[in-house]
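S.K.: As numbered in the working numbering, the sequence shown has no gaps in its residue numbers, which increase by one up to the final residue, 527.
Yeah, the Cβ is synthetic: ideal placement off N, Cα and C, and Gly gets one too.
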Amino acid sequence: MKKLTQGDQFPSFTFNTHKRDQLNSSDVLKGKTVFWVLRYIGCTVCRYDVHLIASRYQEFIDKNAQVFVVMQSDREHVINDLKNTNTELPFEIICDNDQKIYDMLCIEAAQSGEELLGNRGDDLKAKGAAARAAGFAHGDYEGNELQLPAMFIVEENGTVCYAHYAADIMDMPKVDDVLKML
346 MKKLTQGDQF PSFTFNTHKR DQLNSSDVLK GKTVFWVLRY IGCTVCRYDV HLIASRYQEF
406 IDKNAQVFVV MQSDREHVIN DLKNTNTELP FEIICDNDQK IYDMLCIEAA QSGEELLGNR
466 GDDLKAKGAA ARAAGFAHGD YEGNELQLPA MFIVEENGTV CYAHYAADIM DMPKVDDVLK
526 ML
């Protein structure tokens with residue numbers, strides 16, 4: 346498969362979340378669906394992203410949209426992290442610890458730590474500081490530490506209306522950007 350671009354049909358695949366099993370990507374599409382592909386729940390800045398999405402989730406609902414966050418984490422890690430941070434999410438995390446979805450969607454990993462950081466080390470430090478100030482600390486390492494993030498916004502009919510493959514860990518739209526796209 347090739348990297349997705351605007352106008353492509355989003356692939357149909359089966360997945361499990363931290364709450365449910367055997368869902369199909371085609372069956373869960375309603376309104377606009379954001380597949381926000383991060384690294385793993387123990388990554389401090391990824392966990393902070395989950396927090397930011399959750400804190401603004403009503404705005405997604407108001408725009409007839411929903412979010413699924415995809416992570417390399419297994420269900421146990423996600424559930425334990427949410428329990429430890431006393432968080433109830435208004436959306437589900439897709440647990441892709443074998444990285445089949447990452448592979449299917451052609452979401453590559455960086456070749457080195459330098460590539461993962463790009464030229465955004467200061468941005469990552471600032472986001473890490475904001476995450477720590479919000480009470481998040483690094484948890485268990487899972488999956489490929491060099492995994493790059495991505496994002497797809499998919500129409501109810503399965504058409505990709507936005508596809509973004511990050512060049513580095515900080516090369517992702519912010520919540521405000523995503524809400525404007527919806």
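Ordered along the chain, which non-local residues of its own chain (more than five positions away) have a Cβ less than 7 angstroms from that of residue 424?
M.R.: 363
S.K.: Across the segment 482-489 and the segment 384-391, are there enough close Cβ pairs to call them in contact, namely three or more that are closer than 8 angstroms?
M.R.: yes
S.K.: Give a yes or no on whether the C-beta atoms belonging to residue 355 and residue 499 are separated by under 7 angstroms.
M.R.: yes
S.K.: Check for me: the beta strand (DSSP E) holding residue 498 runs from which residue to which?
M.R.: 495-500
S.K.: Taking contact to mean at least 3 C-beta pairs separated by less than 8 angstroms, is the segment 451-461 in contact with the segment 356-375?
M.R.: no
S.K.: Using the Cβ count rule (16 or more neighbours within 10 Å means buried), how would you classify residue 511?
M.R.: buried
S.K.: At what residues does the alpha helix (DSSP H) containing residue 402 begin and finish?
M.R.: Where residue 402 is concerned, the enclosing alpha helix (DSSP H) starts and stops at 402-407.
S.K.: Thinking just about the alpha-carbon of each residue, which of 347, 413, 349 and 353 is nearest to the one in residue 528?
M.R.: Nothing can be reported for residue 528, as the shown portion of the chain is limited to 346 through 527.
S.K.: In the DSSP assignment, find the beta strand (DSSP E) that holds residue 507 and state where it starts and stops.
M.R.: In the DSSP assignment, residue 507 falls within the unbroken beta strand (DSSP E) covering 505-510.
S.K.: Under 7 angstroms, do residue 415 and residue 398 count as touching if we go by C-beta distance?
M.R.: no
S.K.: Measure the alpha-carbon distance for residue 483 versus residue 466 and round it to whole angstroms.
M.R.: 17 angstroms
S.K.: First and last residue of the alpha helix (DSSP H) that includes residue 472?
M.R.: 466-478
S.K.: Using the C-alpha atoms, what's the distance from residue 417 back to residue 444?
M.R.: 6 angstroms
S.K.: Where do the ends of the alpha helix (DSSP H) carrying residue 446 lie?
M.R.: 445-449
S.K.: Assuming residue 497 and residue 508 are in contact, meaning their beta carbons sit under 8 angstroms apart, how far apart are those beta carbons, in whole angstroms?
M.R.: 5 angstroms
S.K.: Buried or exposed: residue 391, going by 16 or more other Cβ atoms within 10 Å of its Cβ?
M.R.: buried
S.K.: Taking the Cβ atom as the reference point for each residue, do residue 420 and residue 520 lie within a distance shorter than 7 angstroms?
M.R.: Result no, Cβ atoms of residue 420 and residue 520 do not sit closer than 7 angstroms.
S.K.: Answer with buried or exposed for residue 350, where buried requires no fewer than 16 other C-beta atoms within 10 angstroms of its C-beta.
M.R.: That one is exposed.
S.K.: With 16 as the cutoff for other CB atoms within 10 Å, does residue 346 come out buried or exposed?
M.R.: Taking all protein chains in view, the Cβ of residue 346 is surrounded by fewer than 16 other Cβ atoms within 10 Å, so the residue is classified as exposed.
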